[in-house]
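Heads up, the sequence shown is in my numbering, so the first residue is 7 and it goes up one at a time.
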Amino acid sequence: MPLRRKASGRDGGPAGGRRPLISGNWKMNHNHFEAIQTIQKLAYALNSDDYRHVEVSVHPPFTDLRSVQTVLQADDIPIALGAQDCHPEDAGAFTGEVSAAMLAKLDVSYVIVGHSERRALFGESDEVVNAKARAVLRYGMVPIVCVGETIEQRRAGQAQDVVSGQLAGSLDGLDAGVVSKLVVAYEPVWAIGTGETATPADAQDMCAHVRAQVADGWGRAAAADLRVQYGGSVKPSNAPDLMEQPDIDGALVGGASLDATEFARIVNHRLYAA
Ligand code: PGA
Numbered sequence: 007m008p009l010r011r012k013a014s015g016r017d018g019g020p021a022g023g024r025r026p027l028i029s030g031n032w033k034m035n036h037n038h039f040e041a042i043q044t045i046q047k048l049a050y051a052l053n054s055d056d057y058r059h060v061e062v063s064v065h066p067p068f069t070d071l072r073s074v075q076t077v078l079q080a081d082d083i084p085i086a087l088g089a090q091d092c093h094p095e096d097a098g099a100f101t102g103e104v105s106a107a108m109l110a111k112l113d114v115s116y117v118i119v120g121h122s123e124r125r126a127l128f129g130e131s132d133e134v135v136n137a138k139a140r141a142v143l144r145y146g147m148v149p150i151v152c153v154g155e156t157i158e159q160r161r162a163g164q165a166q167d168v169v170s171g172q173l174a175g176s177l178d179g180l181d182a183g184v185v186s187k188l189v190v191a192y193e194p195v196w197a198i199g200t201g202e203t204a205t206p207a208d209a210q211d212m213c214a215h216v217r218a219q220v221a222d223g224w225g226r227a228a229a230a231d232l233r234v235q236y237g238g239s240v241k242p243s244n245a246p247d248l249m250e251q252p253d254i255d256g257a258l259v260g261g262a263s264l265d266a267t268e269f270a271r272i273v274n275h276r277l278y279a280a
């Protein structure tokens, strides 16, 4: 049973509870000129009704952040600025790294930590993810903590254990009050960038599992407020069914977020629901 169902208001808008967050993770795509064009096009494609139903964030590469921030501020666009990663330390001799303190100065609101590409390609452990999440929180931003199993782990029946282990390690030692404000992104590794998506039922099962674990570890109130995104080949065609699930509170979108029109169709998925 979900701890709190997402309810619709009489006008079709959200009636309290968790506000879905739809995030575009641009990964290492779009230079700052392309970023400006994309954000302008996205803002043009969305309206106040869309922003009433969902919160939207974009996560451009570091080199684009200042440009995107300037467009968002100049045109008063209610899209949250996000980053894709940060270093756990505030400053120091860490060549090539960017700190949470620097991101906060650019009005970044959300920072992805522990994306499976960082875990697999850059060897990030749960301890590192935990330290990054703490750094993000220290500067008043919200971490989007990514968890998810590989195809081998799923086939071996270990998906829930793997996700539980990542979650426990990544959130270790955080207070319930903090956990209630977090975003967890469940992203099965086999669904990322492959065109394969978890079925809405499988995605719902794992997101409910995440929420149940948070209820066990941090209490029911934290679990009821925690937002759990699904990520992995989300596109306009599958977004309505995924977003309808009671424990899925938004999406972390990679490939389909690079095109403003396609991403806008995911943001306003309610218009395409059957
Ligand atoms: P995808 O990526 O939508 O291209 O599968 C999702 C992600 O990596 O966050």
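Virtual Cβ for every residue (Gly too), placed ideally from N, Cα, C.
Item to check | ARG125, buried or exposed, once every other Cβ within 10 Å from all chains shown has been counted against 16 | outcome: With 16 or more Cβ atoms within 10 Å of its Cβ, ARG125 is classed as buried.
Checklist entry - Roughly how many angstroms lie between the CA atoms of GLY1 and ILE272, to the nearest whole one? => result Lying outside 7 to 280, the shown extent of the chain, residue 1 is not represented and no answer is given.
Checklist entry - For ILE118, does the three-state DSSP call read helix, strand or coil? => result strand
Item to check | Alpha-carbon spacing of GLY256 relative to LEU27, whole angstroms | outcome: 5 Å
Checklist entry - Taking just the CA atoms, how far does GLN210 sit from ASP265? => result The C-alpha of GLN210 is placed about 26 Å away from the C-alpha of ASP265.
Next on the checklist: For ALA229, which residues in the same chain have their Cβ closer than 6 Å to its Cβ, ignoring the five residues on either side in sequence?
Outcome noted: In the same chain as ALA229, and ignoring 5 residues on each side of it, the C-beta atoms closer than 6 Å to its own belong to LEU9, ARG217, VAL220, ALA221, in chain order.
Checklist entry - Do the CB positions of ASN31 and GLN90 come within less than 8 Å of each other? => result yes
Item to check | Exposure label - MET249; buried when at least 16 CB within 10 Å | outcome: buried
Next on the checklist: Quick check: is any heavy atom of the ligand PGA less than 7 Å from the C-beta of GLU95?
Outcome noted: no
Item to check | Beta-carbon spacing of GLY120, SER29 below 8 Å | outcome: no
Checklist entry - Contact check, LEU188 vs VAL148 under 8 Å by CB: the rounded distance? => result 7 Å
Next on the checklist: What ranges does the beta strand (DSSP E) occupy inside the segment 130-169, keeping only unbroken runs of at least 3 residues that lie completely in it?
Outcome noted: 148-153
Item to check | Contacts around PRO84, its chain only, beta-carbon distance under 7 Å, and the 5 residues preceding and following it disregarded | outcome: TYR57
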